[in-house]
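Taking it in order: structure first as structure tokens, then the write-up.
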Amino acid sequence: MHQSIEIDEKIFQDAVKFYGTVFSLPPLASKIYSYLLFDYEKVGITFDEFVEVLSASKSSVSTSISLLLNAQLIVDHNKMDERRRYFFINDEYKKIRFEKIVQKMQDELKLLDDLNNFKKSKDDGYNERIEVYKALLNKNIENIQESLNKL
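Converting from the sequence shown to the working numbering requires adding 383 to each position, the first position being numbered 1.
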């Protein structure tokens with residue numbers, strides 16, 4: 384079996400389980416993503432290596448790669464004078480992922496304001512808890528955006 388990178392089987396299995404859950408990935412897509420995590424030198428992994436190392440059909444690997452590319456979890460490049468595509472982890476994904484989280488929190492804040500403005504009765508206990516929750520959301524948005532600026 385030709386393998387261009389060295390992997391640790393236990394860490395690989397843990398990563399497959401973790402990223403499969405976090406990103407809601409099917410098993411093979413999670414294996415491809417997890418395998419790429421071990422490409423520390425950024426040599427890139429070819430389609431054929433995935434087929435061979437993961438013992439998967441070409442069509443399954445192709446479908447999984449398309450899913451990962453569309454989700455922006457991975458990127459591909461062609462090396463000069465070569466037709467083969469090499470796949471890599473998308474280093475920008477961490478930023479993209481947290482931008483999506485911030486957007487969801489902002490959407491929730493707007494929804495909470497809309498609900499509060501619509502509500503007829505003013506229950507102080509409820510409003511107090513909602514204000515604490517909104518403050519938590521705002522603080523997290525601030526913290527994440529501050530960190531994103533450093534990435």
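A virtual CB, placed ideally from N, CA and C, is assigned to each residue, including glycine.
Residue interval of the alpha helix (DSSP H) (run including residue i)
{"i": "ARG480", "result": "476-501"}
{"i": "GLU392", "result": "392-405"}
{"i": "LEU452", "result": "441-453"}
Inter-residue CB distance, residue i and residue j (contact presumed, cutoff 8 Å)
{"i": "LEU411", "j": "PHE471", "result": "So it is not a contact: roughly 18 Å between Cβ atoms."}
{"i": "PHE430", "j": "ILE448", "result": "7 Å"}
{"i": "ASP422", "j": "ILE415", "result": "Contact doesn't hold; Cβ gap of about 11 Å is too wide."}
{"i": "ASP459", "j": "ARG468", "result": "5 Å"}
{"i": "GLN386", "j": "VAL436", "result": "6 Å"}
{"i": "SER417", "j": "ALA439", "result": "Not quite, the Cβ-Cβ distance comes to about 14 Å (not below 8 Å), so this is no contact."}
Where residue i sits in the DSSP three-state scheme
{"i": "MET384", "result": "With a pLDDT of 49 at MET384, under the threshold of 50, the modelled position of this residue cannot be trusted; read the value that follows with caution. Coil, per DSSP."}
{"i": "LEU520", "result": "helix"}
{"i": "ALA412", "result": "helix"}
{"i": "TYR418", "result": "helix"}
{"i": "SER530", "result": "helix"}
{"i": "GLU389", "result": "coil"}
{"i": "VAL436", "result": "helix"}
{"i": "TYR423", "result": "coil"}
Per DSSP, the bridge partner or partners of residue i
{"i": "TYR469", "result": "THR429 and HIS460"}
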